[in-house]
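Engineer:
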Amino acid sequence: MTLAVTESNGAKEKPNDEERVPEKELLVNIRRLTTIVLDKLEQGCKDGTLDQAQIRLLGSIGMRALGLWQETLNPPSRRSSRRLEEAAAQIAVDTAYVT
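With the first letter of the sequence shown counted as 1, position 38 gets the number 37 in numbering that gives the first Met the number 0; the numbers rise by one all the way through.
1. G58 lies in the alpha helix (DSSP H); which residues open and close that run?
2. Would you tell me roughly how many angstroms separate the C-alpha atoms of R31 and D38, rounded to the nearest one?
3. For G43, I'd like the list of residues in its chain whose CB is within less than 8 Å of its CB, leaving aside the five on either flank, ordered along the chain.
4. Excluding sequence positions up to five away, which residues of its chain have a Cβ less than 8 Å from the Cβ of T67?
5. Between the Cα of K23 and those of D93, T71 and V92, spot the shortest distance and give me the residue it belongs to.
6. Using 10 angstroms around the beta-carbon of V36, count the other beta-carbons present and answer buried if the total reaches 16, otherwise exposed.
7. According to the neighbour-count rule (16 or more other Cβ atoms, all chains shown, within 10 Å of its Cβ), is T34 buried or exposed?
8. Using DSSP with H/G/I as helix, E/B as strand and the rest coil, what is G43?
9. Rounded to whole angstroms, what is the Cα-Cα separation between P21 and G47?
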């Protein structure tokens, strides 16, 4: 996604819809991941099938996923996009332990 600065007033232009497609897909994927993790946490707590370590792990993954969602909606800066990608990859690795 590229943002241009106009010379007249210095305001940032909004990116067009074509540039926002990957961002929309990322939001959908993060939302899906967050829903799955939180549903597993809720169901496991109700059924009593999760131990404390699993509850902490799912809670942590859920919080990180919500943080990614917030960062995607309100991107801090271009330099942070790499950190966002790394965090998403780490969540994917962490969820492999919970299945």
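Idealized CB from N, CA, C, for every residue including glycine.
Every value quoted in this text rests on a predicted model; they were computed, and no experiment measured them.
Structural biologist: According to the data block:
1. Against the sequence shown, residue 58 aligns to sequence position 59. Per DSSP, G58 belongs to the alpha helix (DSSP H) from Q51 to L72.
2. Mapped onto the sequence shown, residue 31 falls at position 32. Mapped onto the sequence shown, residue 38 falls at position 39. Taking the straight line joining both Cα atoms gives about 11 Å.
3. Position 44 of the sequence shown holds residue 43. Cβ-Cβ distances below 8 Å link G43 to L49, Q53, I54 and L57 in the same chain, with the five nearest sequence neighbours on each side left out; the list follows chain order.
4. Taking the sequence shown and counting its residues from 1, one reaches residue 67 at position 68. According to the sequence shown, residue 67 is Leu rather than Thr. Correct list, in chain order: I29, L83, A86, A87 and I90.
5. Taking the first residue of the sequence shown as position 1, residue 23 is located at position 24. Nearest option by C-alpha distance: T71.
6. Here residue 36 corresponds to residue number 37 of the sequence shown, with the count starting at 1. Only buried fits V36, as 16 or more other CB atoms lie within 10 angstroms of its CB.
7. Taking the first residue of the sequence shown as 1, we reach residue 34 at position 35. The residue is exposed, with fewer than 16 neighbouring Cβ atoms inside 10 Å.
8. As a working note, residue 43 is residue 44 in the sequence shown. Helix at G43.
9. As a first step, residue 21 must be located in the sequence shown, where it is residue number 22. As a first step, residue 47 must be located in the sequence shown, where it is residue number 48. The straight-line gap separating the alpha-carbon atoms of P21 and G47 is approximately 38 Å.
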